[in-house]
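Accompanying notes for the structure given below.
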Amino acid sequence: RVPVWGGYLYCIVLLALLTVVIVVAGVPYWPVLAYLGLNLAYSSVLKHIPLVDVGTVALGFVLRVVQGYLAVGEQAAGWLLVSVFSLSLLLLIGKRRQELLEAGIAHRPALHGYSVELANWLLQITAVLALVAGLTYLGTEAPFGPDHGQTAMVVSTPFALFALFRYLQIQLVGRGDSDPVRVLLRDRAMVAITVLWVATLGVTVALAHHPALANAVLL
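Encoded structure:
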């Protein structure tokens, strides 16, 4: 629906705005350039290569996180990057699986290198990696402090497990969706467990940064 000249115009305007932001911000911006290069490579070649296609998109989410850390002048947390990468892979592989079921390998060239059985195995592997990396991040690198990191990891375990179980249940048992955003936002159980998890971590953060409040609660 957008004419070719309109696409070029949008591109020029966005690049100009991005240049202004980079100049004004005064922070390292190599992840932005890497992200642009990655998108060009994906659009032209990488999206047609099985397995590489999902890895490329997942890497784009990691670059976003790295740029966020650079913007605030902090060192990126390694386990968080692994967690973001593996969770992105989990959602993308679920998307590929649903595309196979709904439209077959004709939907996109990369699907010639996938099968439903392979997608099932990849979902299991990435789910385990995402769980381990996410919980390790909460216990070691998350901003809970040395006394509350382990607490955050322990209380998050049942929420993280249920969220992963529910996602796999939707994909493997129920009628999944090729759009992972709809899967996450329209499933009531997923929304409920996310709200409870966020609330629990919010209380943990409050207790970690207000020792007097933590002592009062414990007493």
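No gaps in the numbering here: position 27 of the sequence shown is 47 in my numbering, and each next residue is one more.
For each residue, glycine too, the CB sits at the ideal point set by N, CA and C.
Helix, strand or coil at residue i [DSSP, three-state]
i, result
"Arg186", "helix"
"Pro129", "helix"
"Ser289", "Nothing in the structure corresponds to residue 289, since the chain is present only between 21 and 239."
"Ala147", "helix"
"Asp167", "coil"
"Tyr49", "coil"
"Ala69", "Residue identity differs from the one stated: residue 69 is Ile in this sequence, not Ala. Note: Ile69 maps to coil in three-state DSSP."
"Glu161", "coil"
"Glu122", "helix"
"Arg202", "helix"
"Arg84", "helix"
"Arg117", "helix"
"Ala219", "helix"
"Gln95", "coil"
"Pro178", "helix"
"Arg21", "coil"
"Gly194", "coil"
"His229", "helix"
Cβ distance (whole Å) where residue i is taken to contact residue j below 8 Å
i, j, result
"Leu90", "Pro48", "5 Å"
"Gly98", "Gln191", "Contact doesn't hold; Cβ gap of about 28 Å is too wide."
"Ile213", "Ala183", "5 Å"
"Leu221", "Ser176", "7 Å"
"Glu240", "His132", "Absent from the model: residue 240. The displayed extent of the chain is 21 to 239, so no value can be given."
"Leu110", "Thr146", "4 Å"
"Tyr55", "Leu83", "5 Å"
"Asp199", "Arg186", "The Cβ separation is near 17 Å, so there is no contact."
C-beta atoms of residue i and residue j nearer than 8 Å
i, j, result
"Ala139", "Ile69", "no"
"Ala150", "Leu107", "yes"
"Leu142", "Ala180", "no"
"Val86", "Ala96", "yes"
"Leu158", "Gly169", "yes"
"Val77", "Leu112", "yes"
"Leu35", "Leu58", "no"
"Leu66", "Val72", "yes"
"Ile42", "Val33", "no"
Cutoff 8 Å: residue i Cβ touching any chain B Cβ
i, result
"Val52", "The structure shown contains no chain B, having only a single protein chain."
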